[in-house]
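K.L.:
Take this structure first; my questions come after.
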Amino acid sequence: MKEEKQKPTLGAILQLSGVDLIHPGGFDITKRIGEIVDMKGKTILDVACGSGTLPCYYAGNFGAKVVGVDLDPGMIKSSIEKAKKEGVEDLTEFRVADALALPFEDNSFDAAISECAVTLTSDHQKCLDEMARVTKPGGNVVIHENTWLKEISEAEKAEKAGKLGGAPHTLSEWKGMMEKAGLTGLRTEDWSGLENVYKIRHDRKMRNLDDIFSLREKMFIVFPKMISMYGLKGISYYKSAQKTNPLHFYVDGTLGYFLIRGEKSL
Numbered sequence: 001m002k003e004e005k006q007k008p009t010l011g012a013i014l015q016l017s018g019v020d021l022i023h024p025g026g027f028d029i030t031k032r033i034g035e036i037v038d039m040k041g042k043t044i045l046d047v048a049c050g051s052g053t054l055p056c057y058y059a060g061n062f063g064a065k066v067v068g069v070d071l072d073p074g075m076i077k078s079s080i081e082k083a084k085k086e087g088v089e090d091l092t093e094f095r096v097a098d099a100l101a102l103p104f105e106d107n108s109f110d111a112a113i114s115e116c117a118v119t120l121t122s123d124h125q126k127c128l129d130e131m132a133r134v135t136k137p138g139g140n141v142v143i144h145e146n147t148w149l150k151e152i153s154e155a156e157k158a159e160k161a162g163k164l165g166g167a168p169h170t171l172s173e174w175k176g177m178m179e180k181a182g183l184t185g186l187r188t189e190d191w192s193g194l195e196n197v198y199k200i201r202h203d204r205k206m207r208n209l210d211d212i213f214s215l216r217e218k219m220f221i222v223f224p225k226m227i228s229m230y231g232l233k234g235i236s237y238y239k240s241a242q243k244t245n246p247l248h249f250y251v252d253g254t255l256g257y258f259l260i261r262g263e264k265s266l
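Numbering-wise (our numbering), the sequence shown opens with residue 1 and increments by one.
Printed below as a string of structure tokens:
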């Protein structure tokens with residue numbers, strides 16, 4: 001008997017589609033980081049940079065020299081191609097590297113940032129420790145991350161974390177980890193509004209939380225690829241995955257989104 005393929009998650013379908021999603025807050029929160037760090041002319045580390053969208057944004061809009069690292073060689077390849085396409089290859093550098101063992105000397109960067117990616121690592125504290133280590137004294141470490149807003153059971157946390165792709169923390173837990181990494185003067189900003197969640201599609205306006213793909217994307221990209229991989233069951237798999245859309249956690253009050261900045265002591 002032919003073994004049935006495992007049903008894909010919404011995240012797997014997104015990856016299959018090639019649609020470029022970013023974090024809640026979209027480029028607005030990315031721009032905000034550029035402003036509060038005063039990036040112009042500075043050397044910045046972007047940890048878990050993905051396909052390079054954000055390093056290229058910082059280089060193009062702030063004139064920063066940005067080093068992006070990611071564990072996935074495919075992401076680094078995409079980042080290099082994107083930098084060339086956007087004309088910022090002279091201001092960017094990309095390397096395959098582990099966020100838990102950054103291949104840089106202490107005090108190498110004016111700022112270290114990670115946008116919605118610390119939770120994707122296997123050790124959140126170690127990731128923050130490493131970001132602080134490679135930041136120069138007086139420099140900033142900035143993250144923005146999913147944040148629990150209300151108490152739920154450990155079982156619920158585990159279930160929701162699985163759908164999110166990584167386990168969030170409460171705001172006080174995030175701050176505690178940053179302080180443990182040696183960062184001081186912590187400042188936080190609440191970006192939990194639903195209007196910010198809609199900005200995960202930076203290239204088109206979402207009408208609701210399930211409007212991740214446009215009709216054209218569904219008809220000509222998503223559905224054909226799902227059918228190619230799973231046969232006619234691919235469409236029902238897509239509908240099933242939509243029901244587990246983790247964006248709804250922002251609506252029921254379970255999840256929020258916070259930007260947190262800390263300074264490395266002189």
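By construction, the Cβ of each residue, glycine as well, lies at the ideal position given by its N, Cα and C atoms.
My guess is that L149 and I260 are in contact by the Cβ rule of under 8 Å, so how many angstroms apart are they, rounded?
P.N.:
About 15 Å; that fails the 8 Å criterion.
K.L.:
In three-state terms, what does DSSP make of G26?
P.N.:
It is helical.
K.L.:
Is the beta carbon of V47 sitting closer than 8 Å to the one on C116?
P.N.:
It is not a contact, given that the beta carbons lie outside the stated cut-off.
K.L.:
Buried or exposed: where does E3 fall if 16 or more other Cβ atoms within 10 Å of its Cβ makes it buried?
P.N.:
Unreliable positioning characterises E3 in this predicted model, as indicated by a pLDDT of 44, which lies under 50. The coordinate reading is nonetheless provided below. Label assigned to E3: exposed.
K.L.:
So what does DSSP say about T92, is it helix, strand or coil?
P.N.:
Correct three-state label for T92: strand.
K.L.:
Taking only the alpha-carbon atoms, compute the straight-line gap between A132 and A64 and give it to the nearest angstrom.
P.N.:
The alpha-carbon atoms of A132 and A64 are separated by roughly 19 Å.
K.L.:
Roughly how many angstroms lie between the CA atoms of S108 and P24, to the nearest whole one?
P.N.:
Roughly 29 Å separates the two Cα atoms.
K.L.:
Please go through the same chain and pick out, in chain order, the residues whose beta-carbon is closer than 7 Å to the beta-carbon of Y57, but skip the five residues on each side of it.
P.N.:
Excluding positions up to five away in sequence, the list reads F27 and T30.
K.L.:
What does the Cβ neighbour count give for F258, buried or exposed, with the cut at 16 atoms within 10 Å?
P.N.:
With 16 or more Cβ atoms within 10 Å of its Cβ, F258 is classed as buried.
K.L.:
Please name the residue, chosen from I227, K160, E35 and K180, that lies closest to S265 on a Cα-to-Cα basis.
P.N.:
Out of I227, K160, E35 and K180, K180 has the C-alpha closest to the C-alpha of S265.
K.L.:
Check this for me: beta carbons of L209 and V222, under 8 Å apart or not?
P.N.:
Against a cut-off of 8 Å, the Cβ pair of V222 and L209 comes out as no contact.
K.L.:
Would you check if the distance between the CB atom of H124 and the CB atom of T147 is smaller than 8 Å?
P.N.:
For H124 and T147, no; Cβs fall outside 8 Å.
K.L.:
What are the residues that DSSP puts in a beta bridge with R133?
P.N.:
R133 pairs with nothing; no bridge assigned.
K.L.:
Alpha carbon to alpha carbon, how far is M219 from I227?
P.N.:
Between M219 and I227, the C-alpha separation is close to 11 Å.
K.L.:
Can you list, in chain order, the residues of its chain with a C-beta nearer than 8 Å to that of G18? Leave out the 5 residues immediately preceding and following it.
P.N.:
For G18, where only same-chain residues beyond five positions count, the Cβ hits under 8 Å are I221.
K.L.:
Counting beta carbon pairs with one atom in the stretch 224 to 238 and one in the stretch 150 to 164, are three or more of them shorter than 8 Å?
P.N.:
Segments in contact, no.
K.L.:
Output the distance between the C-alpha atoms of E173 and P224, rounded to the nearest integer angstrom.
P.N.:
Cα to Cα, the separation comes out at about 43 Å.
K.L.:
Going by DSSP, name the residue or residues bridged to F258.
P.N.:
Per DSSP, E145 and D190.
K.L.:
Under a three-way DSSP split, which group does L14 fall into?
P.N.:
If DSSP states are grouped into helix, strand and coil, L14 belongs with the helices.
K.L.:
Out of D90, V88, D110 and T119, which has the shortest C-alpha to C-alpha gap to L100?
P.N.:
For L100, the nearest C-alpha among the options comes from T119.
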